[in-house]
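Start counting the sequence shown at 610; every next residue gets the next number (the numbering used here).
Glycine included, every Cβ here is placed at the ideal spot set by N, Cα and C.
Remarks on the structure that follows.
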Amino acid sequence: MSDHEKPTPLFNDVCLPFQIEGQDIKGRVLRLGPSVDEILSKHNYPDHINKLLGQTLALTAMLGSMMKYDGILTVQMKGKGPLRMMVSDFFKAEKSDKGIIRAYAGYDEGDHQDYSLEELFGEDAYLAITMDQGKYMDRYQGIVKLLGTNITEAAEEYFKSSEQLPTKANIFCQKDKNGKWQAGAIMIQHYARNSEDDIDRDIEKTQEDWNTASILLSTLKPSELLDVELSLQDLLIRLYHESGVRIFSHTELGAGCRCSSDKIRTALSGLEYEELKEAAEDGIIKVTCDFCTTEHKFELTKLLH
Ligand SMILES: [Zn+2]
610 MSDHEKPTPL FNDVCLPFQI EGQDIKGRVL RLGPSVDEIL SKHNYPDHIN
660 KLLGQTLALT AMLGSMMKYD GILTVQMKGK GPLRMMVSDF FKAEKSDKGI
710 IRAYAGYDEG DHQDYSLEEL FGEDAYLAIT MDQGKYMDRY QGIVKLLGTN
760 ITEAAEEYFK SSEQLPTKAN IFCQKDKNGK WQAGAIMIQH YARNSEDDID
810 RDIEKTQEDW NTASILLSTL KPSELLDVEL SLQDLLIRLY HESGVRIFSH
860 TELGAGCRCS SDKIRTALSG LEYEELKEAA EDGIIKVTCD FCTTEHKFEL
910 TKLLH
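Shown next as structure tokens:
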């Protein structure tokens, strides 16, 4: 291969699908840099919440980029503990190459930084993943009990109970040496075979392949997955060089929000006059977007016409 044919190395804010050569294993790897830092920096959450929300963003981007059609994928975790909710979504518009992500959390102040994920969310906690691909497919929602000490375990539990495919994942979020947030995720799935030829292949070898790939994935450290000097392609080669790895076209990722003054104005105009008056301060109604913290302002008198 000559130099100009080499694919551009991918480092940050990108998700890369891959397949292990000659095996029934597909996966994806992603790294979030400026996008996750922008999202978390806008909110003023404590670091233990930032870490979980950053991991949730990585999971959301990984699943969102798997959608066949453009649409919205939402990951929601809710419970009755001190961390009441985390919501994150991925949006890809038609004719756009980029997946846009955003997130927020709702929590009670307190000394909870040593709590596990289950302890933070408390009783009756659940994880819901919703996929809305508009006109192309029916809306899909999978809901499972939120289990596990961290987001990786919660995600694996989700796959175990709501999808048929065996899945292994590894999800991290931390600050780099400059204090900027970064997140990363990798997952592999063992997919089913379709044709008879495929089924005839050695079952024992297939199981062995899966075990090896799973072990290799679990050895990946945060320092490797989040190493911004190591391209995602090189990371995959390093991890699965023995079998070889095939790489597919990537999805670029970025931070963004879909809130707009027009949408909020429409929602507000559906309210009763008394409710609007109640919400107004000095004739102004302020609505803050949970996701991006933008404050939208409306004059009461203008809403009434
Ligand atoms: Zn917004």
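Query                                                                                                                      : Result
Exposure of Met740, with buried meaning 16 or more beta-carbon neighbours within 10 Å                                      : buried
Leu834 and Asn759 closer than 8 Å at C-beta                                                                                : no
Exposure label - Ser611; buried when at least 16 CB within 10 Å                                                            : With a pLDDT of 48 at Ser611, under the threshold of 50, the modelled position of that residue is not reliable, and the figure given next carries that caveat. It is exposed - the Cβ of Ser611 has fewer than 16 other Cβ atoms within 10 Å.
Heavy atom of ligand 1 within 7 Å of Phe900 beta-carbon                                                                    : yes
C-beta atoms of Met695 and Ala712 nearer than 8 Å                                                                          : yes
Runs of beta strand (DSSP E) wholly within the region 718–782 (minimum 3 residues, chain order)                            : 735–741 and 749–754
Thr669 beta carbon near ligand 1 (any heavy atom closer than 7 Å)                                                          : no
Residue of Pro775, Ser840 and Leu736 minimising C-alpha distance to Gln816                                                 : Pro775
Cross-strand partners of Pro643 (DSSP beta bridge)                                                                         : Paired residue(s): none; Pro643 is not in a bridge.
In DSSP terms, what Cys624 is bridged to                                                                                   : Leu639 and Thr860
Cα-Cα separation, Leu845 to Asp698                                                                                         : 26 Å
Ordered list of alpha helix (DSSP H) runs contained in the region 819–898, each at least 4 residues                        : 831–834, 841–849, 870–877 and 882–888
Contact check, Leu682 vs Leu672, beta carbons under 8 Å                                                                    : yes
Thr875 beta carbon near ligand 1 (any heavy atom closer than 7 Å)                                                          : no
Simplified DSSP state of Ala714, which is helix, strand or coil                                                            : strand
Spatial distance of His859 from Gln632 (CA atoms)                                                                          : 21 Å
Residue-chain proximity (Gly708, chain C), Cβ-Cβ < 8 Å                                                                     : Annotation note: the requested chain C is absent from the structure, which comprises a single protein chain.
Cut-off 6 Å between Cβ atoms - residues of its own chain near Gly853, not counting five sequence neighbours on either side : Glu630
Status (buried if at least 16 other CB within 10 Å, exposed otherwise) for Ile824                                          : exposed
Best match in Lys784, Gly719 and Tyr678 for proximity to Glu703 [C-alpha to C-alpha]                                       : Tyr678
Stretch-stretch touch, CB-based, cutoff 8 Å, three pairs: the region 877–888 with the region 720–732                       : no
Nearest-angstrom Cα separation, counted from Lys872 out to Gln783                                                          : 34 Å
Cβ shell of Pro919 (< 8 Å), same chain only, five flanking positions each side left out                                    : In the structure as shown, the chain begins at 610 and stops at 914. Residue 919 is therefore absent and cannot be evaluated.
Proximity to Lys687 [Cα-Cα], best of Leu736, Ile710 and Gly719                                                             : Leu736
Coarse secondary structure for Met671, derived from DSSP in three states                                                   : helix
For Lys906, the three-state DSSP class (helix, strand or coil)                                                             : strand
Continuous beta strand (DSSP E) stretch holding Thr683: start and end                                                      : Ile681 to Lys687
Beta-bridge pairing of Cys657 - partner residues as DSSP gives them                                                        : Cys is not the amino acid found at residue 657; the sequence shown has His there. Beta-bridge pairing links His657 to no other residue.
Backbone secondary structure at Ser611 - three-state DSSP                                                                  : Unreliable placement is indicated for Ser611, whose pLDDT of 48 sits below 50; the coordinate value is still reported in the next sentence. Three-state DSSP puts Ser611 in coil, outside helix and strand.
DSSP three-state assignment for Gly663, whether helix, strand or coil                                                      : helix
Same chain, Cβ closer than 8 Å to Val623, neighbours up to 5 away in sequence not counted                                  : Leu639, Arg640, Leu841, His859, Thr860, Glu861 and Leu862
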